[in-house]
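Remarks on the structure that follows.
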Amino acid sequence: MREISVSTTIDAPPALVWQVLTDTSAYGAWNPFMPVLAGELREGRRLEVRIVPPGSRGMTFRPTVTAAEEARELAWLGRLGLPGLFDGTHSFTLTPRTDGGTELTQREVFRGLLVPLGASMLRRTEAGFAAMNEALKHRAEGLAGRDGRVDATR
């Protein structure tokens, strides 16, 4: 088992961060790591996800949504090949902060026989998580500033 986890503090409320995270039709405009996420964000539904980790050509896969709790958590399970070869449970967790902002954690737990062989891919994926989190932060904070939803004294 391997785990990647990247957290980012966002000066916008969880509802607004959730709005950006779930507006998947706009991903191509701002998301450098995951430019395509298509499908219904409901538990049990299949998605089409394209990721482009830095330094790679990218890949497309079809995970199944395992959690979709508004303004709190979005998660899915993806597999490469047969179950048990290379499985990944991906999640976005939004935690409200006392200052009105959000702590966003993007995490993936990898399991399977082939996971030890993918060390360099996992490093690139972690860099992709960081890039996506920063881009999401920039987009949400920009919207928060325009909408006046966050304290203007920040």
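For what it's worth, our numbering labels the leading residue of the sequence shown as 1489, then goes sequentially. Note that the Cβ used here is the ideal one computed from N, Cα and C, for glycine as well.
Touching by the beta-carbon criterion (3+ pairs, under 8 Å), the region 1588 to 1597 and the region 1612 to 1621: Here the region 1588 to 1597 lies against the region 1612 to 1621, with 3 or more beta-carbon pairs under 8 Å apart.
Residue 1561 and residue 1581 closer than 7 Å at C-beta: Here residue 1561 corresponds to residue number 73 of the sequence shown, with the count starting at 1. Here residue 1581 corresponds to residue number 93 of the sequence shown, with the count starting at 1. Their beta carbons are under 7 Å apart, which means residue 1561 touches residue 1581 by this criterion.
Check whether residue 1572 and residue 1532 have beta carbons under 7 Å apart: Within the sequence shown, residue 1572 is the residue found at index 84, counting from 1. Within the sequence shown, residue 1532 is the residue found at index 44, counting from 1. Cβ atoms of residue 1572 and residue 1532: not closer than 7 Å.
Residue 1627 and residue 1508 closer than 7 Å at C-beta: As a position in the sequence shown, residue 1627 is number 139, starting the count at 1. As a position in the sequence shown, residue 1508 is number 20, starting the count at 1. Yes. Within cutoff.
Test item: CB-CB of residue 1538 and residue 1523 under 7 Å: Residue numbering aside, residue 1538 sits at position 50 when the sequence shown is read from its first letter. Residue numbering aside, residue 1523 sits at position 35 when the sequence shown is read from its first letter. Closer than 7 Å, so yes.
DSSP three-state assignment for residue 1505, whether helix, strand or coil: Locating residue 1505 in the sequence shown gives position 17, counting from the first residue. Note: residue 1505 maps to helix in three-state DSSP.
Residue of 1534, 1588 and 1540 minimising C-alpha distance to residue 1566: Position 78 of the sequence shown, counted from the start, is the residue given in the question as residue 1566. Of the candidates 1534, 1588 and 1540, the one whose C-alpha sits nearest the C-alpha of residue 1566 is 1534.
Buried/exposed call for residue 1563, threshold 16 Cβ in 10 Å: Here residue 1563 refers to the residue found at position 75 when the sequence shown is read from its first residue. By the C-beta density criterion, residue 1563 is buried, having at least 16 other C-beta atoms within 10 angstroms.
Whole-Å CB distance - residue 1521 paired with residue 1619, under 8 Å assumed: Here residue 1521 corresponds to residue number 33 of the sequence shown, with the count starting at 1. Here residue 1619 corresponds to residue number 131 of the sequence shown, with the count starting at 1. 5 Å between Cβ atoms; contact.
Reference residue 1608, options 1629, 1625, 1569 and 1542, closest by Cα: Numbered from its first residue, the sequence shown carries residue 1608 at position 120. Out of 1629, 1625, 1569 and 1542, 1542 has the C-alpha closest to the C-alpha of residue 1608.
Among 1499, 1525 and 1575, the one whose alpha carbon lies nearest that of residue 1510: Translated into the one-based positions of the sequence shown, residue 1510 becomes position 22. Considering only alpha carbons, the answer is 1525.
Assigned exposure category for residue 1496 - 16 Cβ within 10 Å defines buried: Looking up residue 1496 in the sequence shown gives position 8. So residue 1496 ends up on the buried side.
Sub-7 Å separation of residue 1505 and residue 1590 beta-carbons: Position 17 of the sequence shown holds residue 1505. Position 102 of the sequence shown holds residue 1590. With respect to residue 1590, residue 1505 sits close: the two C-beta atoms are nearer than 7 Å.
Boundaries (first-last residue) of the alpha helix (DSSP H) holding residue 1527: Position 39 of the sequence shown, counting from 1, holds the residue named residue 1527. Counting along the chain, residue 1527 sits inside no alpha helix (DSSP H), nor does DSSP assign it H or E at all.
Limits of the unbroken alpha helix (DSSP H) element including residue 1517: For the purposes of this step, residue 1517 is taken as residue 29 along the sequence shown, with counting starting at 1. Note, residue 1517: alpha helix (DSSP H), 1515 to 1518.
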